Amino acid sequence: MRGLLLLASFLQIGSSFGFAGPSLTLQQQQRQQRQQHAVSNTRLEASRAAQKKASRTKWIQSRGFEDAIAGGSDAMTLFSPCKINLFLRIIRKREDGFHDLASLFQAVGYGDTLELKKLDGDATKDAFSCNMKGVPTDMSNLVLRALELMREKTGIKQYFDANLIKQVPAQAGLGGGSANAATAMWGANELMGKPASLEQMIEWSGALGSDITFFLSRGTAYCTGRGEIMTPTDPLLEAGTKLCIVKPNVGLSTPSVFKALDYGELSKLDADEVLLPEFLKAESVDVVSGEYYINDLEPPAFRCVPELGQLKEKLKAVDGFKHVMMSGSGTSIFCIGEPSDPEQFQKDFGEDEELKVMFTEFINREEGVWFERP
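In mature numbering (1 follows the signal peptide of the UniProt record, and there is no 0), the protein residues as written are -16 to -1, 1 to 358.
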């Protein structure tokens, strides 16, 4: 035993002075070499991946985009809000057949849900599904067009699985399809590592449709041109302003409403000089006079569907609603405020099988984050 202790002491002292201990067996040496080789290969693969990422980032930067961040989530679920028009003025008919308008848009907490997930790198097209019958699944769908636009503009060939859970009916005047497209653009940009700035997406969105640009604002904006020229404003009315949206089963296409437009019926109140300033200085819905809640598309829409005008008059008679008007080109009627007698309102409107009634509120989002369902 004493001899073993002396040998251990000698080996410890020898080690401290650089003397080698007992030699490794051939099997141990081979195992050590394999481990060193594996570590070397891992480091080489990591170096190649880093070089590939740096090359990709440099290429994206050369195209004028922000840095692409490789990390992050592979899937996200986003709320896709609707909008109402607090005023909508038709300015003129343009040579290209479209109309110049001036409108104050406000996002509301009623809308759809978009589930977006990155597909593997070998995917060659997007997958799309929707719970609502009649929603197109080809490239006429605004969600698919928005995803394709993001690939085209960023140069990043990332494909997605998009599942749209719709609540907003078509031809409602609430911008549901446009909101879906803007939500898809935002989500794709997040999942691709934010290769595009918000300003770039706003610029690109006009190619998809008139109202899409608005949904990239923070929730309140003054829109002109076809609606694609968007000037963001601070939230105008108190946070959480309540409203009720009533949508009859009948729908109206925007072209049919414009076809019935009588230019002699258009409001004479100037949007820039009168309407917008009245809303900008307001601190509550009570401050803005009812004469400034104008929608130039109401008369032609009511000619196309007389029942729509009758519905508006019935809703105006409900105690508690401060302002009642049609949104967009219809057929939804929104009512700012809450009914004083909810039970009676439910009997008169909520139980009517020909009507869809939604209670919601004004919403806005914070800088750098997407809208949330209230």
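Glycine is no exception: its CB is placed at the ideal position from the N, C-alpha and C atoms. Since the model is a prediction, treat every value here as computed from it, not as a measurement.
Secondary structure at Asp332: helix, using DSSP grouped into helix, strand and coil.
Nearest neighbour of Gly105 by Cα position, chosen from Asn164, Gln142, Leu131 and Phe263, turns out to be Gln142. Spanning the alpha carbons of Glu79 and Asn125 requires a straight line of approximately 27 Å. For Met116 and Lys150, the gap between their C-alpha atoms comes out near 6 Å. Taken atom to atom, the span from the alpha-carbon of Leu236 to that of Lys243 is near 12 Å.
The closest CA to that of Pro239, considering only Ile68, Gly81 and Asn69, is found on Gly81. DSSP places Met176 outside any alpha helix (DSSP H), giving it a letter other than H or E.
Exclusion of the five residues before and after His83 leaves Ile74 and Lys77 as the residues of its chain whose Cβ lies within less than 6 Å of its Cβ. The three-state secondary structure of Leu62, taken from DSSP, is strand.
Excluding sequence positions up to five before and after Lys300, its CB lies within less than 7 Å of the CB of Val308, all in the same chain and listed in chain order. Exclusion of the five residues before and after Asn173 leaves Ala180 as the residues of its chain whose Cβ lies within less than 6 Å of its Cβ. For a cut-off of 8 Å, the C-beta gap from Gly193 to Ala165 is around 7 Å, short enough to register as a contact.
The Cβ neighbour count for Ala59, taken over all protein chains shown within 10 Å, is under 16; the residue is labelled exposed. Residues of the same chain with a CB within less than 7 Å of the CB of Leu128, apart from the 5 flanking positions on each side, are Asp110 and Phe112 in chain order. Counting only runs of 4+ residues, the alpha helix (DSSP H) found wholly inside the segment 266 to 338 occupies 282 to 288, 290 to 300 and 326 to 329, in chain order. The C-alpha of Lys137 is placed about 32 Å away from the C-alpha of Ser311. Going by DSSP, Ser240 is part of no beta strand (DSSP E) but of the alpha helix (DSSP H) stretching over Thr238 to Lys243.
A Cβ-Cβ contact shorter than 7 Å links Trp188 with Leu133. Excluding five sequence positions before and after Ala255, the CB atoms of its chain that fall closer than 6 Å to its own CB belong to Arg73 and Ala86, given in chain order. In the DSSP assignment, Lys231 falls within the beta strand (DSSP E) that extends over Lys226 to Pro232.
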